[in-house]
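Student: In the working numbering, the protein residues as written are 551 to 824. Beta carbons are placed, not taken as given, at the ideal position from N, Cα and C, and that holds for glycine. Just so it is clear, the structure is predicted and the values come from calculations on it, not from any experiment.
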């Protein structure tokens, strides 16, 4: 399997499919590059080269005991880009992966990035602070940490069966395959990486990174996202980026890339080709 060695020796797994203009996909917590199946196949079939990596401690990447923070995540993404010699790349991030994209583009992307896409993404800052009164209380994330530490398997099953895909909403079209695939991806990763990653996605302030980004950006977010509420994420992020556009999807969940793949893929392709 293809791996690249990060600057601190961590082995990062990646997929590199197809040929043509490169699109790099950055997955959410606590999943892996497998969560991009619908986008990988869609873009490859339309003549794009698509790269997706497993974040350190996630999926098939090394379960290292260190570096579970946004600076290391972005550096690992940069290592993949450098290893493959990628330029003119469209970077697409979902959830935590959106934070990774923002940090990567702002700090490592000079001369290599064409566009960026954030889907149901965490920036600018999830946790509630004195200056971010609309954020989620830290107790929400403490609950995540406690669940990962005590019964990660059941927590992941409950999350996928309920709010992640909106399967807890009346009339939802529930897919057991989607639920089990989410659980499979989560359980393949490291409990330590997932535990420490909660701080990374909830407490990292991306405000300065967003302000530093000059490439065109599309921000996509469902207004029924129960994991990353739109009001304190996408609607704030779009005001901080020089050249960003927000598209709001009525009724769509945090897991829109999977359960609404046709809608997401069509708009993603339009933006890439624009």
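1. Kindly indicate which residue of 720, 684 and 740 has the alpha-carbon position closest to the one of residue 785.
2. Could you say which of 555, 610, 556 and 574 lies nearest to residue 580 if we only look at CA atoms?
3. Tell me whether residue 705 sits in a helix, a strand or coil according to DSSP, three-state version.
4. With respect to the beta strand (DSSP E) encompassing residue 564, which residues constitute its N-terminal and C-terminal limits?
5. Going by DSSP in three states, residue 646 sits in which element: helix, strand or coil?
6. Compute the beta-carbon to beta-carbon distance between residue 783 and residue 713, rounded to the nearest angstrom, for a pair I have assumed lies under 8 Å.
7. Please identify the residue among 665, 606, 620 and 615 whose C-alpha is closest to the C-alpha of residue 574.
8. On the CB-based measure, 16 or more other CB atoms within 10 Å of its CB, does residue 704 come out buried or exposed?
9. Just mark residue 823 as buried or exposed, buried being the case when its beta carbon has 16 or more other beta carbons within 10 Å.
10. Pull up the distance between the alpha-carbon of residue 830 and that of residue 608, whole angstroms please.
11. Specify the secondary structure class of residue 718 as computed by DSSP and reduced to three states.
12. Looking at residue 660 and the ligand GTP, is the gap between the Cβ and the nearest heavy atom below 7 Å?
13. Could you check where the beta strand (DSSP E) with residue 772 kicks off and where it finishes?
14. On a CA-only basis, which of 729, 762, 737 and 596 is nearest residue 651? Give me that one, please.
15. State buried or exposed for residue 798, treating a residue as buried only when at least 16 other CB atoms are found within 10 Å of its CB.
16. Just to confirm before moving on: does the CB-CB distance between residue 791 and residue 760 stay below 8 Å?
17. Name the one or two DSSP bridge partners that residue 600 has.
18. What's the call for residue 557, buried or exposed, on a 16-neighbour Cβ count within 10 Å?
Tutor: From the atom records:
1. 684
2. 610
3. helix
4. 561 to 567
5. helix
6. Contact annotation, residue 783 with residue 713: C-beta distance approximately 15 Å; criterion of less than 8 Å not satisfied.
7. 665
8. exposed
9. exposed
10. Nothing in the structure corresponds to residue 830, since the chain is present only between 551 and 824.
11. In the displayed model, residue 718 falls within coil according to three-state DSSP, outside both helix and strand.
12. Among the components of this structure there are no ligands whatsoever, and the ligand GTP is therefore not found.
13. 767 to 772
14. 762
15. exposed
16. yes
17. 567 and 573, per the DSSP bridge assignment.
18. exposed
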